[in-house]
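Read the structure below first, then the notes.
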Amino acid sequence: METEYQDLVTFKPPLFMVIRDDKMLDQIREPVMKPIIRALREGPKTIKEIQHYYNDVSEKPKSDKTIYRYVKKLEEVGLVKQAGHRVYSGRNISEILYSRTARIFYIEFDDPDIFSEKNLMHAQMIGGLLSPLFGSKDVNASKLIEFLQRFEKQKLEMIEKLLTEAKPEVLEMLSQKEWSGVTYFIDAAATFGLLMQEDNLKETLGAMFE
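Everything in the sequence shown is counted per the working numbering, starting at 7 for the first residue and increasing by one.
What follows is the structure in structure tokens.
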């Protein structure tokens with residue numbers, strides 16, 4: 007028989023946070039931290055639950071003590087916060103619930119090595135998919151990378167604008183959605199918002215194909 011419990015959640019994170027702090031960026035990009043950040047996309051979890059998720063997706067399983075140490079590092083930089091407790095029925099024990107400090111983390115696009123081999127390869131793939139729309143011409147990967155960087159920065163600005171100016175009832179509806187699904191709605195709205203501002207998007211993209 008499953009043990010009955012009640013989650014007493016006292017922290018309700020905001021819908022989004024734009025990550026600009028260097029310490030936060032270092033931790034969110036750290037490979038051993040990524041499974042923890044992904045696990046908490048689904049909502050508050052105990053250390054044991056985070057450990058189970060981590061070991062399911064990682065080739066290098068970790069002990070609960072190691073997971074706890076990682077979580078505390080994320081807590082120190084402000085990416086994770088204690089959200090409440092899980093109280094078990096008929097047992098005089100409880101476990102701490104941990105939450106992300108925002109449902110969605112957006113990383114400000116600022117790649118110091120913008121024309122790295124990896125970025126150029128990604129641009130070539132995107133350009134290859136778009137090529138039939140532009141007479142099957144080859145993409146200028148460097149121009150496309152510059153466009154994508156500008157687009158990502160503008161999208162973050164649009165996200166901040168839309169969520170800041172949204173009606174309270176819209177934000178309340180979003181807050182009731184599953185954590186993992188909120189990103190879809192916000193990204194879609196921001197993308198449509200940017201497309202409305204781009205009067206000559208096809209011409210802009212077409213200039214990148216030669």
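In this text, a Cβ means the ideal position worked out from N, Cα and C, and glycines have one as well.
- Straight across, the Cα-Cα distance linking Q203 with L211 is about 15 Å.
- Across the set K149, G133, S148, the C-alpha of G133 shows the shortest separation from the C-alpha of S142.
- Per DSSP, the continuous alpha helix (DSSP H) segment holding R156 begins and ends at 147 to 171.
- When Cβ pairs closer than 8 Å are counted between the two stretches, the segment 177 to 189 is seen not to touch the segment 23 to 32, the count staying below three.
- Secondary structure of F111 (DSSP, three-state): strand.
- When secondary structure is reduced to three states using DSSP, E36 falls in the coil class, being assigned neither helix nor strand.
- By the Cβ criterion, the segment 44 to 52 is in contact with the segment 99 to 109, since at least three pairs of Cβ atoms, one from each stretch, lie closer than 8 Å.
- Assignment of beta strand (DSSP E) within the segment 37 to 107, counting only whole runs of 3 or more residues, yields 86 to 94, 100 to 106 in chain order.
- In the three-state reduction of the DSSP assignment, F17 falls in the coil class, being assigned neither a helical nor a strand state.
- I120 sits in coil when the DSSP states are folded into three classes, being neither helix nor strand.
- One thing to note: L14 has its Cβ within 8 Å of the Cβ of G90.
- For M23, the enclosing beta strand (DSSP E) starts and ends at 22 to 25.
- With respect to the 8 Å criterion, E81 and I25 are not classified as neighbours on the basis of their beta carbons.
- Q12 counts as exposed, since fewer than 16 other C-beta atoms from the protein chains shown sit within 10 angstroms of its C-beta.
- Shown here for F153: same chain residues with a beta carbon closer than 8 Å to its own, the five before and five after excluded, namely T210, L211, M214 in chain order.
- R92 sits buried, since 16 or more C-beta atoms from the chains shown fall within 10 Å of its C-beta.
- Counting the other Cβ atoms within 10 Å of the Cβ of P174 gives fewer than 16, which makes it exposed.
- For S181, the enclosing alpha helix (DSSP H) begins and ends at 174 to 182.
- Burial check for L139: the Cβ neighbour count within 10 Å stays below 16, so the residue is exposed.
- Under the 10 Å beta carbon count, P37 is surrounded by fewer than 16 other beta carbons and is classified as exposed.
- Residue burial is scored here from C-beta neighbours: P67 has fewer than 16 other C-beta atoms within 10 angstroms and is therefore classed as exposed.
- Between Y94 and S100, the alpha-carbon positions lie close to 6 Å from each other.
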